[in-house]
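Shown next, in structure tokens, is the structure this report addresses.
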Amino acid sequence: MNKIISAVKKIESGNPDKDALLYLFSTNEDIDILFSAAYEVKERYVGKKVYLRGLIEFSNICKKNCYYCGIRRDNHKIKRYSMNKEEILESAIFAYKSGFGSIVLQSGERDDRDFINNLVEVIKEIKSITNNELGITLCVGEEKRDDYEKLFEAGAHRYLLRIETSNEDLYKKIHPEDHSFYNRVECIKMLKNIGYQTGTGVMIGLPFQTIDDLVSDIVFFVENDIDMIGMGPYIEHKDTPLFKYNSKFTLKERFELTLKMIAIMRILMKDINIASTTALQAIDPAGREKGILAGANVIMPNITPLKYREDYRLYENKPCINENSEDCKDCVLNRIKMIGESVALNSLGDPIHYYRRNKES
Ligand code: 5AD
Ligand code: SF4
Ligand code: FES
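Sequential numbering from 11 applies to the sequence shown in my numbering.
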């Protein structure tokens with residue numbers, strides 16, 4: 011008990027102390043001390059409320075071939091789709107009318123002109139039909155600086171680009187040779203520099219990944235002074251090359267490690283936004299609520315049209331494949347109420363950290 015209290019105290023000082031972190035990852039005894047400390051920080055710094063981002067998975071076409079991902083280029087078993095402009099606008103209006111303050115536009119990675127131009131158009135229209143009120147987060151991968159700038163000017167103000175792992179060697183093991191760790195880090199810096207509220211994240215429990223790697227991930231988040239984190243357990247997909255390698259961790263362990271990562275990041279960085287991700291829900295139906303109780307403050311209900319959902323299966327057991335946007339909305343609202351938190355409706359929910367960071371620099 012004393013050991014866990016002193017480990018939590020150490021990270022409360024804002025220092026990602028390696029021994030303290032290793033200790034927290036190594037034990038489950040009295041681990042509620044960690045979660046309640048994180049929840050206290052959440053209440054104090056970001057409130058007892060949850061921000062919603064409607065997630066629109068607008069295309070599963072991807073030029074990349076990440077070894078872990080179900081929509082990688084070489085998976086020919088899935089039907090490829092791109093939602094048209096009207097469909098995307100309809101989903102955005104659903105989010106707006108439902109009081110979700112923001113949406114996330116997510117897709118596979120492409121950098122051709124059509125893709126960027128269409129996205130710019132869609133962003134502008136969403137802004138204009140929602141009175142400039144709906145926040146837009148992009149999650150479309152590595153792009154050129156010019157294109158990041160164009161998308162920012164069009165009205166997207168947040169960007170999520172997961173580093174996936176901060177260990178360059180591990181990054182190389184889970185990606186083909188033409189994927190560049192260096193470029194990914196550069197992109198994250200560029201996004202911050204352009205003025206985006208910038209988020210990153212990792213997968214937890216990847217084959218070859220160790221607890222030391224998770225400690226380095228934490229250091230990476232702190233050193234890059236990021237505004238938002240979206241991270242989740244790695245979950246196998248049988249039609250991917252990584253499937254044949256085993257993770258050192260069971261699904262249950264990956265789930266627990268993810269909750270600990272959330273709690274530790276809440277205590278360390280206090281006023282950032284942390285998402286309780288769908289992959290947690292894939293392992294445990296109450297996974298997202300547990301993420302909130304461990305310190306997360308954002309949930310991303312899926313509002314992709316039902317007919318496309320089965321083709322955006324990044325990993326097995328992805329939830330909400332047979333539910334529609336209305337189902338997911340009701341489900342999320344009920345589940346948040348059940349844990350005694352409230353939903354911050356009609357609010358952008360910008361990370362407080364972003365404003366503090368810009369004031370200080
Ligand atoms: N398990 C968990 N997360 C995954 N992602 C992709 N494939 C998997 C998987 N098998 C995550 C990546 C990516 C995000 C969109 O989905 O972290 O950045
Ligand atoms: Fe494409 Fe992203 Fe999947 Fe990699 S993780 S294959 S970039 S959709
Ligand atoms: Fe989709 Fe619960 S969030 S059904």
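C-beta: ideal position from N, C-alpha, C; glycine also.
State the start and end residues of the unbroken alpha helix (DSSP H) segment that holds residue i.
i	result
Y106	K95 to K107
C338	S335 to M348
L303	G297 to L303
I362	I362 to E370
Check residue i in the structure and name its three-state DSSP category.
i	result
Q219	coil
K59	strand
L148	strand
S92	strand
S16	helix
S138	helix
S36	helix
S372	No information on residue 372 is available, as it lies outside the stretch 11 to 371 that the chain covers here.
L44	helix
D294	coil
C197	helix
E131	helix
E153	coil
I126	helix
E50	helix
D321	coil
I331	coil
E22	helix
Y78	coil
D29	helix
Which residues share a DSSP beta bridge with residue i?
i	result
L65	V114 and N312
A285	G240 and V308
S352	K59
On the three-pair Cβ rule with 8 Å, is the region 170-177 touching the region 231-242? yes
Would you list, in sequence order, the uninterrupted alpha helix (DSSP H) runs of no fewer than 4 residues that lie entirely inside the region 157-190? 178-183
Write down every uninterrupted run of the alpha helix (DSSP H) in the region 201-282 whose length is 4 residues or greater and which is fully enclosed by it, in chain order. Positions of the alpha helix (DSSP H) runs, each at least 4 residues long and wholly inside the region 201-282, are given as 221-233 and 261-279 in order along the chain.
contact_flag[the region 132-140, the region 89-106] where n(CB pairs < 8 Å) is 3 or more: yes
Take every Cβ of the region 250-264, pair it with every Cβ of the region 191-211, and state whether three or more of those distances are shorter than 8 Å. no
Any contact of the region 71-88 with the region 181-197, i.e. 3+ C-beta pairs under 8 Å? With the rule of 3 Cβ pairs closer than 8 Å, the region 71-88 counts as touching the region 181-197.
Does the region 36-47 come into contact with the region 79-90, if we say contact requires no fewer than three beta-carbon pairs (one atom in each stretch) closer than 8 Å? no
Within 8 Å, do at least three Cβ pairs link the region 39-56 to the region 278-296? yes
Between the region 106-119 and the region 143-157, do three or more beta carbon pairs fall short of 8 Å? yes
Answer yes if the region 339-346 comes into contact with the region 361-371, meaning at least three C-beta pairs across the two stretches below 8 Å, and no otherwise. no
Tell me, please, whether the region 308-328 touches the region 234-254 by the rule of three or more beta-carbon pairs shorter than 8 Å. yes
Count the CB pairs spanning the region 311-321 and the region 60-75 that are closer than 8 Å, and state whether there are at least three. yes
Counting pairs of beta carbons, one from the region 262-270 and one from the region 237-245, are three or more of them closer than 8 Å? yes
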